[in-house]
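As numbered in my numbering, the sequence shown has no gaps in its residue numbers, which increase by one up to the final residue, 379. We put the beta carbon where it would ideally sit given N, CA and C, even for glycine.
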Amino acid sequence: MNDLKKLDRRIADKEDAIASERENEDVILANLGQELDEANLPKLPSDTLEEVRRLSGEIRDAENSLRRILADNEKRTELQEEKKSLKVELRSMKNREESALEELGRAAWELWKSSRQFGDEMESALEDLIKTEKRLHEAEDAVYRYEGENKGRTAALFTRGKALLWAGRKKTASVALERLWGKAGLSIFDTMSAEAFTDTPAALPMATLKALQDRGKEIDDRLEAISAEFEALEASLEEMPGKGGAKKRVSYIESLLEQNRNTLDDAYRELGRTWIGMKPAASESAELKARRKELEAAENRIAGLEADISALKAHKEYLIAEADRDAKAEKAAVLEETVKEQQTALKAAKKELASAEKACLALKESLPPISEED
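Rendered as structure tokens:
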């Protein structure tokens with residue numbers, strides 16, 4: 006049994022070697038067919054050559070489409086990252102803009118209160134602040150007045166109510182004033198030139214806002230351009246083979262390429278076999294002669310391996326036959342031993358039978374007569 010297992014392993018190894026040689030032979034034939042196609046040799050089958058060139062063209066087109074889809078997909082990813090980064094920058098700029106507008110509003114307000122002449126344009130821009138501050142002062146004066154009236158005596162209910170009312174208005178005006186800095190800054194920025202605030206505290210926030218405005222315009226323009234590029238990429242994708250998104254089309258093209266490459270290899274091998282079957286020409290190139298020798302060497306190796314397998318199988322067949330013979334010989338030996346034992350038992354039984362017959366005969370001869378039945 007161990008010998009049979011060893012033979013089976015050796016046969017399997019030889020069969021694996023043959024499979025490897027067959028693959029090598031296929032590679033040599035495919036390379037040979039490609040060289041024959043490039044060499045444009047005569048007497049080769051035109052239909053096979055046409056199939057080779059058709060498949061080669063389809064493969065080139067598919068490879069170009071695949072490269073284009075992958076490049077466009079990489080570009081799409083870059084655009085998405087850039088778009089995300091620009092939107093993050095816009096959010097950051099929004100916070101900086103709000104801070105700069107408040108700073109500009111406060112600076113402009115201080116300049117206007119310092120009695121510097123900026124004209125009606127600035128007063129119009131600060132109109133809401135001016136009105137709100139006036140209401141604040143009115144409320145502060147009223148609160149001060151009613152607090153004075155209530156000091157030192159019991160205040161009338163009406164007076165106390167007035168005081169509370171004006172205290173509430175004072176708080177409301179104060180809160181409104183705080184909320185108007187950014188609005189005032191925006192109004193100043195939209196209506197007045199930066200030159201009006203040269204060498205003033207308002208110059209820096211004006212410059213900051215101008216820089217943010219310019220950068221914001223650049224970002225908006227770039228986001229618009231990115232959208233246009235996305236549209237162009239989507240339009241380009243629709244022209245590619247397959248259906249669906251980029252991932253599905255890539256999968257389709259890769260499958261198509263594998264199929265066409267396999268078919269092209271078959272066509273190349275067919276060209277190679279055709280050429281091998283032809284009588285070698287005197288003008289055959291050194292490369293083609295080398296291919297012919299490679300194929301002959303592979304065929305010889307395969308033939309040698311097949312001969313080895315045939316011999317190993319013959320030995321295996323003999324071992325099986327030998328094992329079968331031994332099993333039958335053992336069975337015959339067992340039966341023969343059984344027969345011998347039975348023959349011995351038969352002789353003993355016959356002796357016993359002969360003795361019994363003699364005894365019966367002696368008894369029969371000595372039997373006395375008996376009367377007949379009535």
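What span of residues does the alpha helix (DSSP H) with residue i cover, start to end?
i	result
residue 51	51–118
residue 44	7–44
residue 272	251–282
Specify the secondary structure class of residue i as computed by DSSP and reduced to three states.
i	result
residue 361	helix
residue 206	coil
residue 371	coil
residue 345	helix
residue 188	helix
residue 308	helix
residue 380	Outside the displayed span of the chain (6 to 379) sits residue 380, for which this structure offers no information.
residue 247	coil
residue 336	helix
residue 241	helix
residue 198	coil
residue 377	coil
residue 294	helix
residue 215	helix
residue 132	helix
residue 321	helix
residue 222	helix
residue 229	helix
residue 234	helix
residue 299	helix
residue 47	coil
residue 327	helix
Using the Cα positions of residue i and residue j, report the straight-line distance between them to the nearest angstrom.
i	j	result
residue 257	residue 74	12 Å
residue 276	residue 49	7 Å
residue 350	residue 362	18 Å
residue 178	residue 113	Annotation note: pLDDT 46 at residue 178 (below 50); position unreliable, coordinate value reported separately. Their backbone Cα atoms lie some 19 Å apart in a straight line.
residue 245	residue 266	19 Å
residue 234	residue 251	16 Å
residue 89	residue 82	11 Å
residue 284	residue 296	14 Å
residue 264	residue 29	20 Å
residue 20	residue 298	23 Å
residue 279	residue 255	36 Å
residue 354	residue 375	34 Å
residue 38	residue 56	12 Å
residue 25	residue 13	18 Å
residue 92	residue 193	27 Å
residue 72	residue 64	12 Å
residue 253	residue 62	22 Å
residue 51	residue 18	41 Å
residue 32	residue 259	21 Å
residue 357	residue 364	11 Å
Does the beta-carbon of residue i, which I'm using as the reference point, lie nearer than 8 Å to any heavy atom of the ligand NAP?
i	result
residue 241	Here there are no bound small molecules, and the ligand NAP is not part of this structure.
Suppose contacts are defined by Cβ-Cβ distances below 9 Å. Is residue i in contact with residue j by that definition?
i	j	result
residue 103	residue 209	no
residue 214	residue 190	yes
residue 60	residue 269	yes
residue 290	residue 44	yes
residue 307	residue 27	yes
residue 188	residue 106	yes
residue 34	residue 273	yes
residue 220	residue 98	yes
residue 199	residue 212	yes
residue 216	residue 116	no
residue 41	residue 293	yes
residue 67	residue 300	no
residue 23	residue 317	no
residue 95	residue 231	no
residue 185	residue 249	no
Can you find at least 3 beta carbon pairs, one from the stretch 238–245 and one from the stretch 71–91, that sit closer than 8 Å? yes
Could you tell me whether the stretch 8–16 touches the stretch 316–324, where touching means 3 or more Cβ pairs closer than 8 Å? yes
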